[in-house]
Every structure is written in C-alpha cells, then in structure tokens.
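By the working numbering, the letter at position 45 of the sequence shown is numbered 1350, and the numbering carries on one by one without gaps.
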Amino acid sequence: MPKVIAFRRERRRFADQNEAGPHYPGANERRTGTAAALRDSVPPVMPDVQVQVSVVVPTRGRPEMLNRCLASLVLQDYELERFEILIVDDGPSAATREVVMRWSDHTAVTGPHITYIPSPGPHGPAAARNYGWRAARGDVIAFTDDDTVARPDWLRTGIEVFENAVEPVDAVWGSIVMPLDGTPTDYEHDAKGLERAEFVTANCFCRKAMLDEIGGFDERFRFAWREDADLYFNLLTRSAKIVHEPAAVMTHPIRPAQWGVSLKQAKKVQFDALLYKKHPQLYRQKIRAKPRWDFYVTVAALVTCLVSVGFGAGWLALGSGLLWLFQTGRFCLQRLRHTSKAPSHVLEMIVTSALIPPIAVFWRAVGAFKFRVGFL
C-alpha cells in the first residue's frame, strides 16, 4: 500500500525545504481503505470549504517538467480552496518530492492543497492514477500528465460543464495543443496526432462515482499506452454521458526524443491486444479498422527471402527480397512525406523503417499470447 505524504496547510518559509510532511502508513490496509483514511486525516486549507475537484498527476523521474506543470495548476482561476492536487510518484525520488514540497509551502495559506503519494507498486500510469483518484476528496477528478501546461481557465472551464449541464454529465474531455516550430520529425508528427485524439488522460475529467463504478483504470496497461482508451471505452459501454469541451485547453509540449525512438515505442503495441480483447468493436471503430497487413506482408517477404537464400532458391529469394525492399521503401516514404528531410532524420527513417515491421509484429504476437486473444 502506498505511504502518503500530505503537506499541512500552514505558512512556511521556502528555506525549510527539507522538512518532511506527516506520513500516513497503510501497509496493512486495502488500497481503497488507505485512500479513505487519507481523505479523513488530511486537514483542509479552509475547514468550512468543501473540495469540489481533485487534480491527479502521475509522475516518474521528471521533476523539472512536474515543476512547470504545478506552476500552471496553482495559477488556475478556479477558487483555490475548492480544488486539490495529488501528485502520485510512480518512481519515488527525493527530487520529485522536493518539487512538491516547495509548491506545497507556496500554497500553504491560499490553497490549493497539494498531496504527495509515493507509489510502491504496481507501477505504470494506470496504477498511479488509481492511487490518486482513490485518495481524492473531490466529487470530480481531473486528470493530466506531468509534462503538460494548463491554461489559466482550464479547470474552471471543465468543471462548468458538470455544473451547467441540463442532464447529469459523467465525464468531460478537453483539447490538447502541441506547439511545433518548423517541419516536424516523424516522432513529432506522430505525437502531434494527440491533438485529434478523443478522451486522453492528459486532459479529462470524470466523476469519482463513475470511476468507482467502472473500477478505475485497468492496471494491466503498464505503459502510457491505451489505458486512457480503455477507460473511455468502459464509459461508452456503460452509456455514460460524455461531453467534449474544446475550450478546456491543455498545452502538451513535445519532448525531445533520442535517435531511433520509434523502435522503443514499438514495444507498446502489445497492449493493443489487451484493448482489442476487452473492446473488439470499439477498437476497430476508433483505433484501427484493419490489421497492419502491410507489416505482415513485409515480414513474410523478409522471412521468405532469408529462408530461400538458405535453401538456394535464388529466384524466390530475389522475388521476395524485391517485395521486402518495395514494402520497406514505401513505408519509409510515407513517414517522410510530411516530415523533416534533414540528412540525419532521413537516415533514421531508412534504418527504422526496415526494423519497425518485424519488431511491431513480434510485440503484437507477444500481446496476443500474453492476453490470450486472436489479434492481428
């Protein structure tokens, strides 16, 4: 069970940065019981004011980004004493804790109340968000990530949807803005697609009662991949009232990426199999209408070529090799169509376009085996 550090609401000096807040151990309690104990034990900023919304931010080893995110959250034009911020540290570190302590000191009198939750596991953003919302006081949970920057009216705009709706609203999702300068790389181009995505956890709101009903996030999604789609699909299958409020804007700067990042990201596709197993129709409607036949053809051509060479079947090796070359070249050109033509980037696209299909097929097979589902 997670230990929770809640920094009390009293005026402190910034010089006391090494002072730890009180600890709330819960090693022998159920997770939900620990969360309930936390809610009852943390003193509010203003005892007579009810917290209406809780902002949950999972984080792991990115204190500088978290600092920037918190700077935007504490400047919301919503009533500061009516919301709280819960930081769930998925890889507990002194640097992250120090960032939270500084902001907790800074908002000690005015609010919002800030809580630090070091997660002992299970790990992953899905589990971290579950720790957060279960410890929350608000009736509405707002989710975002540690690398986002909220516009000053983000929280108020999202909450007003719940307050002003004629019919009760269960969940709201806002807009994501991912600013870019110049021609993007392939990684940046793909990342910017988040602006068009539906219901991402970088900017969404959900009633806590609804999260209780659906059980929150599925913690089998261990990476930051498809766990938000799973939550969204769970809401849809329960006919929840979901509203898109484009005026609730969250800026999501694109982080720099190392060379060949797409190869590392290919590992995430194993969780497509889990999402498909749980929601096959919605997966085909909203994620991918058809299997990646292009990848399967590319891999089949490569395997056929290598086997043919081994058996001395020259013409078959030549034909399958040309097919592999055609498929790989087409994939590479597709990725370069709207992206940078810088020499280093072109080289990266050539190399990774040859490697991605077999790696992606491998991880899709791993996902199908792990989650016991027929998935292509």
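Even glycine gets a Cβ: it sits at the ideal position worked out from N, Cα and C. Note that the structure is a prediction, hence the values are computed from the model and not measured.
Residue range of the beta strand (DSSP E) that includes residue i
{"i": "Trp1478", "result": "Ala1476 to Val1482"}
{"i": "Arg1512", "result": "Cys1509 to Arg1512"}
9 Å Cβ cutoff met for residue i and residue j
{"i": "Asp1452", "j": "Ser1424", "result": "no"}
{"i": "Arg1527", "j": "Phe1676", "result": "no"}
{"i": "Lys1573", "j": "Asp1523", "result": "no"}
{"i": "Asp1533", "j": "Leu1579", "result": "no"}
{"i": "Pro1558", "j": "Met1483", "result": "yes"}
{"i": "Ala1298", "j": "Val1393", "result": "The first residue shown for the chain is 1306 and the last is 1681, placing residue 1298 beyond what the model contains."}
{"i": "Gly1463", "j": "Ala1376", "result": "no"}
{"i": "Ser1649", "j": "Thr1488", "result": "no"}
{"i": "Gly1672", "j": "Gln1575", "result": "yes"}
{"i": "Phe1636", "j": "Asp1599", "result": "yes"}
{"i": "Val1548", "j": "Val1477", "result": "yes"}
{"i": "Asn1435", "j": "Gly1521", "result": "yes"}
{"i": "Asp1491", "j": "Leu1641", "result": "yes"}
{"i": "Ser1359", "j": "Phe1388", "result": "yes"}
{"i": "Val1427", "j": "Lys1546", "result": "Per the sequence shown, the amino acid found at residue 1427 is Pro instead of Val. No, the pair does not count as a contact, with Cβ atoms beyond the cut-off."}
{"i": "Leu1499", "j": "Thr1542", "result": "no"}
{"i": "Val1602", "j": "Gln1632", "result": "yes"}
{"i": "Gln1357", "j": "Val1445", "result": "yes"}
{"i": "Ala1562", "j": "Ala1665", "result": "no"}
Test: residue i CB closer than 9 Å to a CB of chain B
{"i": "Asn1435", "result": "Included in the structure is just one protein chain, with no chain B present."}
Option in the options with minimal Cα separation from residue i
{"i": "Glu1518", "options": "Leu1540, Thr1415 and Tyr1581", "result": "Leu1540"}
{"i": "Pro1430", "options": "Asp1444, Pro1363, Asp1486 and Val1471", "result": "Pro1363"}
{"i": "Ile1390", "options": "Glu1369, Gly1416, Arg1543 and Met1370", "result": "Gly1416"}
{"i": "Ala1514", "options": "Phe1600, Gly1443 and Thr1401", "result": "Gly1443"}
{"i": "Ala1605", "options": "Leu1621, Gly1617, Glu1653 and Arg1593", "result": "Leu1621"}
{"i": "Glu1468", "options": "Thr1449, Phe1510 and Trp1598", "result": "Phe1510"}
{"i": "Ala1502", "options": "Gly1520, Ser1480, Ile1419 and Thr1490", "result": "Ser1480"}
{"i": "Ala1440", "options": "Tyr1421, Pro1427, Ala1400 and His1428", "result": "Tyr1421"}
{"i": "Arg1597", "options": "Pro1663, Arg1407 and Thr1490", "result": "Pro1663"}
{"i": "Ala1433", "options": "Gln1639, Ala1529, Val1404 and Val1505", "result": "Ala1529"}
{"i": "Leu1718", "options": "Ala1618, Phe1616 and Val1608", "result": "Residue 1718 is absent from the structure shown; the chain starts at 1306 and stops at 1681."}
Endpoints, the alpha helix (DSSP H) within which residue i is located
{"i": "Phe1388", "result": "Run containing Phe1388: none in the alpha helix (DSSP H); it sits in the beta strand (DSSP E), Phe1388 to Asp1394."}
{"i": "Pro1363", "result": "Looking at the DSSP string, Pro1363 is not in any alpha helix (DSSP H); the run it does join, the beta strand (DSSP E), is Val1358 to Thr1364."}
{"i": "Gly1615", "result": "Trp1598 to Phe1616"}
{"i": "Trp1629", "result": "Gly1619 to Leu1641"}
{"i": "Glu1493", "result": "Asp1491 to Lys1497"}
{"i": "Ile1661", "result": "Pro1648 to Lys1675"}
{"i": "Lys1582", "result": "Gln1575 to Lys1583"}
{"i": "Glu1369", "result": "Pro1368 to Leu1378"}
{"i": "Trp1408", "result": "Ala1399 to His1411"}
{"i": "Lys1595", "result": "Counting along the chain, Lys1595 falls outside any alpha helix (DSSP H), and DSSP gives it neither H nor E."}
{"i": "Gln1570", "result": "Val1566 to Gln1570"}
Would you mind listing the beta strand (DSSP E) stretches within the stretch 1413-1483 that are 3+ residues and don't spill past its ends, in chain order?
Runs of the beta strand (DSSP E) inside the stretch 1413-1483: 1418-1423, 1445-1448 and 1476-1482.
Determine contact between the stretch 1377-1386 and the stretch 1457-1476, defined as no fewer than three beta-carbon pairs at a distance below 8 Å.
Flag = yes, the stretch 1377-1386 and the stretch 1457-1476 touch.
Which complete alpha helix (DSSP H) runs does the stretch 1500-1556 hold, if anything under 4 residues is left out?
Segments of the alpha helix (DSSP H) lying fully in the stretch 1500-1556: 1513-1519 and 1532-1542.
Would you call the stretch 1493-1500 in contact with the stretch 1398-1418, where contact means no fewer than 3 C-beta pairs closer than 8 Å?
No, the stretch 1493-1500 is not in contact with the stretch 1398-1418.
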